[in-house]
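Worksheet: one structure, shown below.
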Amino acid sequence: MPRVYNWQIGREMEYPFEAARPLRQAAAVFDINKCIACQTCTMACKTTWTSGRGQEYMFWNNVETKPWGSYPLAWDVRILQMLGPQTWQGDRYTGKTIFEAAPLGEKAIGYLPEDLDYAYPNRGEDEISDASIGQRFYLRLPHDAWFFYLPRICNHCTYPACLGSCPRTAIYKRPEDGIVLVDQERCRGYRECVKNCPYKKVFYNHVTRVAEKCVLCYPAVERGIQPRCMRNCIGKIRTFGFVNTPDKADPENPVDFLVHVRKVALPLLPQLGLEPNVYYIPPVHVGNLDFLRMLFGPGVDNAIAAYRRAMAGEDPELVGVLMLAVSTDRIVHRFRVRDGYAYGYGEDGSELVRVPLKEPVTVRQFYDSLVGAYRYNVT
Amino acid sequence: MRCSKCNKTWHVGGANCPYCGAPAAEPADPHPVWGYVIGGEEGGGQPSGPPVISRRRFIGGLALGGAAAGLAAAGYAIGRGLLTEEPVAPVPQVTARYVGRELPVDDPYSPVWADAPAQRVALQPQNVVLPFKSTPGPQALTVRALHNGREIAFRLEWDDQARDELTIKTDQFRDACAVFFGSPTAVWTMGSPEDPVTVLHWKADWQKDIDHGFQDLEAAFPNATFDFYPPLVGVARPAPDDYPPEARHRLPALAVGNPLAQTRRPSPVEKLQAMGPGTISTMPTQDARGRGSWRDGRWTVVLARALAASDQGETALQPGQSYAFACAVWWGAAADRGARKSITQLGTLWLEVGR
Ligand code: SF4
Ligand code: SF4
């Protein structure tokens, strides 16, 4: 297999094709600390793309509760179990990726889910990490008993396993934005992609009998508009844009700032070797750091520290970028924080949005003398 | 496993070669695979009556059932005709017998097939092009061919205890078979750009769609329930064909004309062209015919086509000529699809001259 460079694991690795990075790579940052599992993203996607016959079970966007939730069932546990214990040395991954661990005759390790694996999309919802906490239990941070929500879409990986394992090259990565698509004319329903995408984000259509996956709302992205799941996010956890490689990081690009400058946003299961392009700000309240390190790699401790600094008011720039999330339907290419405001700019440099770092607060008088009535808060 | 003496491979049964009895050259494959346990209960003794095959997960092909399963496998192989029928040829050398009548294209069991010389040909798991077939598969298939100067028909027979005719669930794969033919110089690995090959591919799910109507969602999920599929408000159990043209994009592959996604199929046999691994493409003119039938653990399938080619790059056949020829079989229960198949070696097809 050719060798390619994966910056997320700090080394070269094997991949079925030569490296071919797109001109720019669509990417997103999800701030897990703010997700409320309202599933608005899930439904925004579902009603847009997967309400047809044969797509009933498909959630291109799903939100699962960690540590117990997963869709399809145990997707993460199973691939990690297949991979076995692996090691990092600092920021360099010294274990095997799913491509390097492939047995003879396969391009990667992977498994094909059964239909029952998809039957419980919100299994484990709101279940805490440890229900066996004793009597003397005091609430403290980070929590001894914890859970958090993990919203997931296709990661539009730089080295997609779906693409790498399609024997027909029916899956392609668009050079203009790095979006990974299944060619609906070319796919013959072999499901090698369903088997080998470790994130299980390719699905088999029961009626058309071919594979389908998240299209990152490319018709919107082509017009400078964010994907549906991003712009409908109630918790405003999602920052959508384009990510560069670390050597070309642009500190004014919101995604680059979060991923490369503050290093507060981390890839999901980077050790699998796909260089996924959805990044997560890890939850700061979780008492088991090892669990987070397993999911997001060795950058977890630094990310949590950086996020805490922002929460303590020591990093207005970071606060500003996060305030810009879901503040406009348009894609923010650059940002600036100045005089208590965060500004988001479009590709042409025009101002798209401006948000205050601190929302202005107005307290209304209990008695409204104009109409001679008391104001009651009835909610 | 591979035999230390005759070099044949097998996946089911004991440590001794089911063909010649010599011991295996290599240990069992250490990777867990989907396999078949042949015989009675797990770990049980000698099965009574005809061997049954049940699907079950096991490690390495040897783990369950122990010696009993091994013995049963050998007995099964013999019983299914490896030693009692014609000898198994390592390479297909098929003669298409001339008959001055209509070919039994729609009847795999027609007595006319008795006119065609049968050849039993060895199958082996495809392990040249990634991904390999690493699950059990049939050891051999029987090939016959007839032509009448206008049309040629092949009949393929192989054992398959599990009958896989649905491709609806994520882990459901079809049984299928194919023949390929090309110029005498065509290469085994699905031809090449300079020397493309023509493939006739029969699919069990297409056959079922034709015989019993399009196998929709409920064929695999009988209790499926839903509110409505936009924009089909109030339509109970809509079939894909109920979608109005402006809503067809909700069945994307069907809407863009993917031949695999169509609901109305004129034939269970697809005519394809290949120019190397991963290149098969449906030909513009779909005029191949055929019919497959499963009886008592055995598929019997007819694949037919006019001798003349109707598409550019398609291999035309002429009496008195020889062609490169190979066959392939897919066991759906073993998750066969695409390159995960059992194949014959590259052999020849010769068309008898009409009398
Ligand atoms: S819409 Fe936003 S807050 Fe709601 S579940 Fe999705 S990611 Fe979380
Ligand atoms: S997440 Fe899966 S489906 Fe998406 S690009 Fe990566 S490998 Fe492909």
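Those protein sequence lines, which keep their order, are chains A and B. According to this note's numbering, the residues represented by the first sequence are 345 to 723, in order. According to this note's numbering, the residues represented by the second sequence are 4 to 358, in order. In this text, a Cβ means the ideal position worked out from N, Cα and C, and glycines have one as well.
Margin query: For A:MET357, count the other beta carbons within 10 Å of its own beta carbon; 16 or more makes it buried, fewer makes it exposed. Which is it?
Written below: On the first sequence, position 13 is the one that residue 357 of chain A refers to. With 16 or more Cβ atoms within 10 Å of its Cβ, A:MET357 is classed as buried.
Notebook entry, point to check: When you compare only the Cα positions, how much space is there between B:LEU380 and B:GLY279?
Noted result: Past the edges of chain B, shown from 4 to 358, lies residue 380 of chain B, and the structure says nothing about it.
Next item on the list: Go to A:HIS629, then tell me how far its beta strand (DSSP E) extends in each direction, as first and last residue.
Entry: In the first sequence, residue 629 of chain A corresponds to position 285, counting from 1. A:HIS629 -> no beta strand (DSSP E), and no H or E assigned at all.
Margin query: Can you tell me whether B:ILE213 is helix, strand or coil according to DSSP?
Written below: Here residue 213 of chain B refers to the residue found at position 210 of the second sequence. Correct three-state label for B:ILE213: helix.
Checklist line | Local Cβ density within 10 Å of B:PHE229, reported as buried at 16 or more and exposed below that | finding: One-based indexing of the second sequence puts residue 229 of chain B at position 226. When all chains shown are included, B:PHE229 counts as exposed.
Margin query: Please return the same chain residues whose Cβ sits closer than 7 Å to the Cβ of B:ARG292, not counting the five positions on each side in sequence.
Written below: Numbered from 1 along the second sequence, position 289 holds the residue referred to as residue 292 of chain B. So the list reads VAL108, SER270, VAL272, ALA307, once near-sequence residues are dropped.
Checklist line | Entirely enclosed beta strand (DSSP E) segments - the segment 249-312 of chain B, minimum 3 residues | finding: 272-277, 292-298, 301-309
Notebook entry, point to check: Considering only the beta carbon of each residue, do A:CYS525 and A:LYS545 sit closer than 9 Å?
Noted result: Here residue 525 of chain A refers to the residue found at position 181 when the first sequence is read from its first residue. Here residue 545 of chain A refers to the residue found at position 201 when the first sequence is read from its first residue. The sequence as given places Leu at residue 525 of chain A; Cys does not occur at that position. No; because the gap between Cβ atoms is not below 9 Å, this pair is not in contact.
Note to self: So the candidates are A:PHE374, A:TYR720, A:GLU703, A:VAL705; which of them puts its Cα closest to the Cα of A:TYR711?
What the structure shows: Indexing the first sequence from 1 puts residue 711 of chain A at position 367. For the residues A:PHE374, A:TYR720, A:GLU703, A:VAL705, the minimum Cα distance to A:TYR711 belongs to A:TYR720.
Note to self: Between the alpha carbons of A:ASP521 and A:PRO346, how many angstroms are there, rounded?
What the structure shows: Looking up residue 521 of chain A in the first sequence gives position 177. Looking up residue 346 of chain A in the first sequence gives position 2. Approximately 23 Å between the Cα atoms of the pair.
Notebook entry, point to check: Between B:VAL236 and chain A, is there a C-beta pair that is closer than 9 Å?
Noted result: Translated into positions along the second sequence, residue 236 of chain B becomes position 233. No, because no Cβ of chain A sits closer than 9 Å to the Cβ of B:VAL236.
Next item on the list: With a cut-off of 8 Å on the beta carbons, I'd call B:ASP245 and B:THR266 a contact; round off their distance for me.
Entry: As a position in the second sequence, residue 245 of chain B is number 242, starting the count at 1. As a position in the second sequence, residue 266 of chain B is number 263, starting the count at 1. At roughly 10 Å, the Cβ-Cβ gap does not stay under 8 Å, so B:ASP245 and B:THR266 are not in contact.
Checklist line | Contiguous alpha helix (DSSP H) assignments of at least 4 residues, all confined to the segment 613-658 of chain A | finding: 633-640, 644-655
Next item on the list: Please classify B:LEU203: does DSSP put it in a helix, a strand, or coil?
Entry: The sequence position of residue 203 of chain B within the second sequence is 200, counting from 1. B:LEU203 falls in the strand class under three-state DSSP.
Note to self: Can you pull out the residues from the segment 357-372 of chain A whose beta carbon lies closer than 9 Å to at least one beta carbon of chain B?
What the structure shows: PRO360
Next item on the list: Grab me the residues of A:VAL760's own chain with a C-beta within less than 6 Å of its C-beta, minus the 5 sequence neighbours each way, in chain order.
Entry: For residue 760 of chain A there is no data in the structure shown, the boundaries of chain A being 345 and 723.
Notebook entry, point to check: Using the rule of at least 16 other Cβ atoms within 10 Å of the residue's Cβ for burial, across every protein chain shown, is B:LEU352 buried or exposed?
Noted result: By one-based count along the second sequence, residue 352 of chain B stands at place 349. Buried, because 16 or more other Cβ atoms sit within 10 Å of the Cβ of B:LEU352.
Item checked: Residue range of the unbroken beta strand (DSSP E) whose run includes B:GLY185 -> Taking the first residue of the second sequence as 1, we reach residue 185 of chain B at position 182. That run of the beta strand (DSSP E) goes 179-185.
Check: Using a C-beta to C-beta distance shorter than 9 Å, which residues of chain A count as neighbours of B:ARG340?
Finding: Translated into positions along the second sequence, residue 340 of chain B becomes position 337. Ordered by position in chain A, the residues that pass the 9 Å Cβ test against B:ARG340 are ARG532, GLY533, TYR534, ARG535, GLU536.
Notebook entry, point to check: So is A:THR384 in contact with chain B if we call contact Cβ pairs under 9 Å?
Noted result: Translated into positions along the first sequence, residue 384 of chain A becomes position 40. Not closer than 9 Å to any Cβ of chain B, the Cβ of A:THR384 fails to qualify, so no.
Notebook entry, point to check: If we count the other Cβ atoms within 10 Å of its Cβ and call it buried at 16 or more, is B:LEU159 buried or exposed?
Noted result: Residue numbering aside, residue 159 of chain B sits at position 156 when the second sequence is read from its first letter. By the 10 Å Cβ count, B:LEU159 comes out buried.
Next item on the list: Check each candidate in B:PHE217, B:THR201, B:VAL332, B:GLY341 and name the one with the smallest Cα separation from B:GLU317.
Entry: Along the second sequence, one-based indexing puts residue 317 of chain B at 314. Closest by alpha carbon: B:THR201.
Check: At a CB-CB cut-off below 9 Å, which residues of chain A make contact with B:VAL272?
Finding: What you label residue 272 of chain B is simply residue 269 of the second sequence in a count that begins at 1. Those do not exist, as B:VAL272 stays about 15 Å from chain A at its closest Cβ, beyond 9 Å.
Margin query: Would you say the beta carbon of A:VAL587 is closer than 8 Å to some non-hydrogen atom of ligand 2?
Written below: One-based indexing of the first sequence puts residue 587 of chain A at position 243. Result no, Cβ not under 8 Å from ligand 2.
Notebook entry, point to check: Is B:ARG153 closer than 9 Å to B:VAL97 when the C-beta atoms are compared?
Noted result: Translated into positions along the second sequence, residue 97 of chain B becomes position 94. Translated into positions along the second sequence, residue 153 of chain B becomes position 150. Result no, Cβ atoms of B:VAL97 and B:ARG153 do not sit closer than 9 Å.
Margin query: In the DSSP output, what is A:LYS451 paired with across the bridge?
Written below: Along the first sequence, read from residue 1 onward, the residue named residue 451 of chain A stands at position 107. Answer by DSSP bridge pairing: none, since A:LYS451 is not bridged.
Next item on the list: In angstroms with no decimal places, state the Cα-to-Cα distance between B:GLN164 and B:ASP208.
Entry: The residue labelled residue 164 of chain B in the question sits at position 161 within the second sequence. The residue labelled residue 208 of chain B in the question sits at position 205 within the second sequence. If I take the Cα positions, the gap works out to 16 Å.
Notebook entry, point to check: Hey, does B:PRO134 have any beta-carbon neighbour from chain A nearer than 9 Å?
Noted result: As a position in the second sequence, residue 134 of chain B is number 131, starting the count at 1. Yes - at least one Cβ of chain A is within 9 Å of the one on B:PRO134.
Item checked: Residue(s) in a DSSP beta bridge with B:HIS150 -> Here residue 150 of chain B refers to the residue found at position 147 when the second sequence is read from its first residue. B:HIS150 pairs with B:TYR101, B:ILE155.
Check: Hey, is B:VAL332's beta-carbon within less than 9 Å of any beta-carbon in chain A?
Finding: Position 329 of the second sequence, counted from the first residue, corresponds to residue 332 of chain B. Chain A, which has no Cβ nearer than 9 Å to the Cβ of B:VAL332, makes this no.
Note to self: Measuring straight from C-alpha to C-alpha, what distance separates A:TYR548 and B:ILE171?
What the structure shows: On the first sequence, residue 548 of chain A is found 204 positions in, with the first residue counted as 1. On the second sequence, residue 171 of chain B is found 168 positions in, with the first residue counted as 1. Straight-line Cα distance between these residues: approximately 8 Å.
Next item on the list: Kindly indicate the opening and closing residues of the alpha helix (DSSP H) around A:LYS378.
Entry: Sequence index remark: in the first sequence, residue 378 of chain A carries index 34 (1-based). Unbroken run through A:LYS378: none, as it is neither H nor E.
Item checked: Counterpart residues of B:GLU160 in DSSP-defined beta bridges -> Working through the second sequence from its first residue, we reach residue 160 of chain B at position 157. According to DSSP, B:GLU160 bridges with B:THR145, B:THR303.
Next item on the list: Take every Cβ of the segment 188-207 of chain B, pair it with every Cβ of the segment 215-225 of chain B, and state whether three or more of those distances are shorter than 8 Å.
Entry: no
Next item on the list: Could you work out which residues of chain A lie near B:ALA223, taking near to mean beta carbons separated by less than 9 Å?
Entry: Taking the first residue of the second sequence as position 1, residue 223 of chain B is located at position 220. What B:ALA223 touches in chain A: ASP459, HIS550.
Check: CA-CA distance, B:GLY73 and B:THR347?
Finding: Against the second sequence, residue 73 of chain B aligns to sequence position 70. Against the second sequence, residue 347 of chain B aligns to sequence position 344. Unreliable placement is indicated for B:GLY73, whose pLDDT of 38 sits below 50; the coordinate value is still reported in the next sentence. The alpha-carbon atoms of B:GLY73 and B:THR347 are separated by roughly 25 Å.
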